[in-house]
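Residue 1 is where the sequence shown starts when you use UniProt numbering, and the numbers rise one by one after that.
One structure is given below, encoded as structure tokens.
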Amino acid sequence: MQNLKPLKRFGQNYLHDKNIIQKIIEEFSPNENDIILEIGPGKGALTDLLIGKTKLYYAVEIDKRVIEDLKNKFPNVIFINQDFLTLDFNHDLNLNHDLNLNHDLNLHHDFTLNLALTQQTKLRIIGNIPYNITSPILFKLIESREIISDVLLMTQYEVAKRIVAKPNSKDYGILSVLIGYFAKPEFCFKVSRNVFYPKPNVDSAIIKIDFKKNKISNIRDELFIKVVKACFGNRRKTLKNSLTNSELINVDLTKINFDFTRRAEQLEIEDFIYLTSQIQKLID
Numbered sequence: 001m002q003n004l005k006p007l008k009r010f011g012q013n014y015l016h017d018k019n020i021i022q023k024i025i026e027e028f029s030p031n032e033n034d035i036i037l038e039i040g041p042g043k044g045a046l047t048d049l050l051i052g053k054t055k056l057y058y059a060v061e062i063d064k065r066v067i068e069d070l071k072n073k074f075p076n077v078i079f080i081n082q083d084f085l086t087l088d089f090n091h092d093l094n095l096n097h098d099l100n101l102n103h104d105l106n107l108h109h110d111f112t113l114n115l116a117l118t119q120q121t122k123l124r125i126i127g128n129i130p131y132n133i134t135s136p137i138l139f140k141l142i143e144s145r146e147i148i149s150d151v152l153l154m155t156q157y158e159v160a161k162r163i164v165a166k167p168n169s170k171d172y173g174i175l176s177v178l179i180g181y182f183a184k185p186e187f188c189f190k191v192s193r194n195v196f197y198p199k200p201n202v203d204s205a206i207i208k209i210d211f212k213k214n215k216i217s218n219i220r221d222e223l224f225i226k227v228v229k230a231c232f233g234n235r236r237k238t239l240k241n242s243l244t245n246s247e248l249i250n251v252d253l254t255k256i257n258f259d260f261t262r263r264a265e266q267l268e269i270e271d272f273i274y275l276t277s278q279i280q281k282l283i284d
């Protein structure tokens, strides 16, 4: 794998700085009882330092060129040669699986990752993810949050800033609100573009997302997401204009006691919760 050429279509940029790798591991702080799933192990830079710290380790890698080498190098890892976005988290996983048999698993593109995890054994996810599909990955993690404990991701620096942004800032948007509502995000540290091969055009950052946060409302998740997306649909316009130009056009906003002359970036998460609850009442 030493001379493997990164593929642009997979958004591959290999991390090669050992100090940064060690810093990521320390931030993740694995323990032996964790069930870890790594997104995009690539050449196994993170895998190499994590595998000895936990008993059950999955790694999802789309690049078929590296799978056999990875399996030979890390025989105790369950490698899944598949696009992470196509994984299905809905079936059972035998948590007592004999890891010595992992090498015999029939791992192919249509493999379904089966996970039925107890409250005490939720997944911990780590990965240097392709920047071109960051948002879809984050939405998939939100949808699967009931079986995920926490996530540590390498993302584009600008995306990391958006995730932790506060209201009334240019970075505040859909990701800020949704991840702040469903989880507790934390900006860990910035990573220079110079520690990757090939060197990307942007800097990166490590972001932590803790899904152990308890939700404080009874509104429907899908409606909350729909309302947030609609509010930010026309960022420069007022909430009234944004909502009436969305799929919520039939909601009678005059029946809601709310200041619709504001713009979406002025609202706190609590404002989005209240607005969604009122819309939900009208719809129901």
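Idealized CB from N, CA, C, for every residue including glycine.
So what does DSSP say about residue i, is it helix, strand or coil?
i	result
K184	strand
R162	helix
G127	strand
S176	helix
T47	helix
T86	helix
V202	coil
L153	strand
Could you round the C-beta distance between residue i and residue j to whole angstroms and report it? I think they count as a contact, below 8 Å.
i	j	result
G180	G40	So it is not a contact: roughly 25 Å between Cβ atoms.
V195	I20	5 Å
L85	P136	6 Å
Given a cut-off of 9 Å, decide if residue j and residue i are closer than it, judged by their beta-carbon atoms.
i	j	result
R145	A205	no
L239	V251	no
residue 295	K190	This structure does not reach residue 295, given that the chain is present from 1 up to 284, and the question cannot be answered.
H16	A45	yes
L282	I225	no
Y172	E265	yes
I36	I125	yes
K212	D284	no
Expressed to the nearest angstrom, what Euclidean distance is found between the alpha-carbon atoms of residue i and residue j?
i	j	result
L56	I67	18 Å
D271	I147	28 Å
K199	P130	14 Å
N257	Q278	9 Å
E38	A230	33 Å
I51	F74	8 Å
V228	Q22	37 Å
T54	T134	26 Å
E268	F232	13 Å
F260	V202	37 Å
I80	R193	28 Å
Hey, which unbroken runs of the beta strand (DSSP E) at 3 residues or more fall wholly within the segment 195-262? 204-210
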